[in-house]
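These protein sequence lines are chains A and B, in that order. Per our numbering, the first sequence starts with residue 13, numbered consecutively. Per our numbering, the second sequence starts with residue 13, numbered consecutively. Inspection log for the structure reproduced underneath, given as structure tokens.
Protein chains: 2
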Amino acid sequence: MSAPLKVLVDGGRSDASWPLDRGLHFGDGLFETMLVRNGRARFESLHRERLAAGCERLRIEAQPDAIWHEVESVAAATGSALLKLIVTRGLAMERGYTPTGREKAQRILLVYAAAADDPLEMQAEAVRLRSTLGENPLLAGIKHCNRLEQVLGRAELKQLPAFEGLMASSSGRLISGTMSNVFLVLEGKLVTPRVDRCGIAGITRRVVMREARAMSWAATEMDIPFEATARCSEAFITNSRLGVRPLTSLDGRALVIGENARELQRRISGQDE
Amino acid sequence: MSAPLKVLVDGGRSDASWPLDRGLHFGDGLFETMLVRNGRARFESLHRERLAAGCERLRIEAQPDAIWHEVESVAAATGSALLKLIVTRGLAMERGYTPTGREKAQRILLVYAAAADDPLEMQAEAVRLRSTLGENPLLAGIKHCNRLEQVLGRAELKQLPAFEGLMASSSGRLISGTMSNVFLVLEGKLVTPRVDRCGIAGITRRVVMREARAMSWAATEMDIPFEATARCSEAFITNSRLGVRPLTSLDGRALVIGENARELQRRISGQDE
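Have a look at this one:
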């Protein structure tokens, strides 16, 4: 079985190839969200590394040189922006789930206006969601395009509402926010959930781990019960757009913003790398 | 934040809207695979019902009348075919996971040549895979477009190889094949895995439940440990393309094809509905 005889898009016959993209059919792809500042994609080398790890895990044969050359030239031309890069496995050569290994990866780069937020002044409130995250070690950590769980999490959050919603795995562990990683101060120690059964290994999360270590405030990756959020003294969320954003409340309980967290926020906010 | 300033597809500037489809970004959509025979999509009313349930679960506002009118006219014009219908939430109105609720669902209908297999003569071999399925009650049962687990399962299967690979949930229960539902005869009873924590509520699975009941061979939906496959006396897999396909071996162990299974196969193969 190979190409379809006919393709209809919203009722009209289409000869375009995009309706065959496996990204569309199965979420068979990866993405990166990057903040561009001063003409450069922040932490580009880390994004590049994660994308490469994702491609290897899913056996997507992307062309990293072309991808990153494009990111660099768009970043240079734009100065300040938010980039979303999607790399899919490419067009379905045959019907069905099986990759043939002959697909040609497709890349899509979307350039958005950067928000004008000053991250150092920003803080956020978070709540715990009922929407959960399924566990799959083969998919954990990478930033693939199967994101319905996040979509459902955001839809739940919208009803509550709060800035961010924290999500548990199906086995009841705290994993992340809907669009961020999360760090807690528990019994005086900085901890963050492991992302080896679900969740995304965030770039800012990684930078936080590194910078906190440099501040002698090393963060430990561990299994954290979802209920532990009721016991933390501080918490912050991280992503490429927000940087480090302290939580002033969690499920309505007030949290302090510690000096270490503010220091971490300043250190990371100042870096372009 | 709203529309992107610029979109590049494989290096070229694009003004097309499809790069914004949430199906592509997040697998934020649903699909149905239907066999067309004698100018009709088999079990259309059941596919219609499942798609509606999926739309309700994901809060996708599809236009069922337009969709099914199109399916019917394509089926009538084609006579014999395999249809893949994809319904996505539509274009991303804003950046990020949150649906705005103002998206306009997009439908894609792909028409493939039908295979010439005679299902009554076909049988299959299956093996158990190491690739697993994450559990998420909010996504279980519906045929959504987050299918990387199946893609990974098929990739694993290709290395082995066998016709179908059976997959367990992260909690060690038998759930389904990579592209099929599964029924076992265990201690003389017909059983099939529950699909309330993961897996897809297959249309042929549902028809099998109904027809088996009519034959006084009622199938029970239950939690089945993955290891139970070593104890079954018979097994068959089902999907819309294959119908009921008995397994002649499972992990290399020979299985018989029982009279009931053959009878079920004949009954369902003869129906167009």
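All residues carry an ideal CB built from backbone N, CA and C; glycine is no exception.
- Proximity of chain A to residue 39/B at the Cβ level (cut-off 7 angstroms) is accounted for by 38, 39, 157, 158, 159 and 160, in chain order.
- A Cβ-Cβ distance of about 7 angstroms is found for the pair residue 83/A and residue 121/A, placing them in contact under the 8 angstroms criterion.
- Sequence-ordered contacts of the stretch 54-84 of chain B with chain A read 70, 71, 78 and 82 [C-beta pairs closer than 8 angstroms].
- Here DSSP, grouped into helix, strand and coil, assigns residue 230/A to coil.
- Approximately 5 angstroms separates the beta-carbon atoms of residue 19/B and residue 31/B; this is inside 8 angstroms, confirming the contact.
- For residue 165/A, same chain residues with a beta-carbon under 6 angstroms away, outside a window of 5 residues either side, are 141, 143, 177, 179 and 190 in chain order.
- Under the DSSP definition of a beta bridge, residue 198/A partners with 201/A.
- In the DSSP assignment, residue 38/A falls outside any beta strand (DSSP E) and within the unbroken alpha helix (DSSP H) covering 34-38.
- Taking all protein chains in view, the Cβ of residue 50/B is surrounded by fewer than 16 other Cβ atoms within 10 Å, so the residue is classified as exposed.
- Taking 7 angstroms as the CB threshold, residue 193/B stays off the interface with chain A.
- Only residues of its own chain outside the window of five on either side were considered, and among them 96 and 252 have a CB closer than 6 angstroms to the CB of residue 45/B, listed in chain order.
- Three or more beta-carbon pairs drawn from the stretch 234-252 of chain B and the stretch 199-216 of chain B are found closer than 8 angstroms, and the two stretches are therefore classed as touching.
- Within chain B, the residues whose beta carbon sits less than 7 angstroms from that of residue 150/A are 143 and 164, listed in sequence order.
- Excluding the 5 residues flanking it on each side, residue 111/B has same chain C-beta neighbours closer than 8 angstroms at 34, 40, 71 and 101, in chain order.
- No residue range can be given for residue 155/A, since it is assigned to no alpha helix (DSSP H) and is classified by DSSP as neither H nor E.
- Residue 56/B is not bridged by DSSP to any residue.
- Residue 238/B and residue 205/B have their C-alpha atoms roughly 10 angstroms apart.
- For residue 210/A against residue 160/A, the beta-carbon gap comes to about 13 angstroms, at or over 8 angstroms, which does not count as contact.
- Residues of chain A whose Cβ lies closer than 9 angstroms to the Cβ of residue 118/B are, in chain order, 21 and 22.
- Residue 42/B counts as buried, since no fewer than 16 other beta carbons sit within 10 angstroms of its beta carbon.
- Residue pairing of residue 93/B in beta bridges, as defined by DSSP: 48/B.
- The C-alpha of residue 241/A lies about 12 angstroms from the C-alpha of residue 264/A.
- Cβ neighbours of residue 153/A within its own chain (closer than 6 angstroms, five residues either side excluded): 207 and 213.
- Neighbours of residue 16/B in chain A, taken as residues at a C-beta separation under 7 angstroms, are given in chain order as 122, 123 and 124.
- Under the three-state reduction of DSSP output, residue 106/B falls in the coil class, being neither helix nor strand.
- Residue 236/A sits in coil when the DSSP states are folded into three classes, being neither helix nor strand.
- Below the 8 angstroms Cβ cutoff, chain B contributes 163, 166 and 167 as neighbours of residue 111/A, in chain order.
- Not a single CB atom of chain A sits nearer than 7 angstroms to the CB of residue 205/B.
- Here residue 243/A is exposed: its Cβ has fewer than 16 other Cβ atoms, across all protein chains shown, within 10 Å.
- Ranked by Cα distance from residue 267/B, the options 136/B, 123/B, 104/B and 25/B are led by 136/B.
- Beta bridge pairing from DSSP links residue 170/A with no other residue.
- Only residues of its own chain outside the window of five on either side were considered, and among them 215 and 285 have a CB closer than 6 angstroms to the CB of residue 55/A, listed in chain order.
- Residue 137/A is bridged by DSSP to 261/A.
- Per DSSP, residue 280/A is one residue of the alpha helix (DSSP H) stretching across 271-281.
- Between residue 107/A and chain B, the shortest Cβ-Cβ separation is below 7 angstroms.
- DSSP, read as helix, strand or coil, puts residue 21/A in strand.
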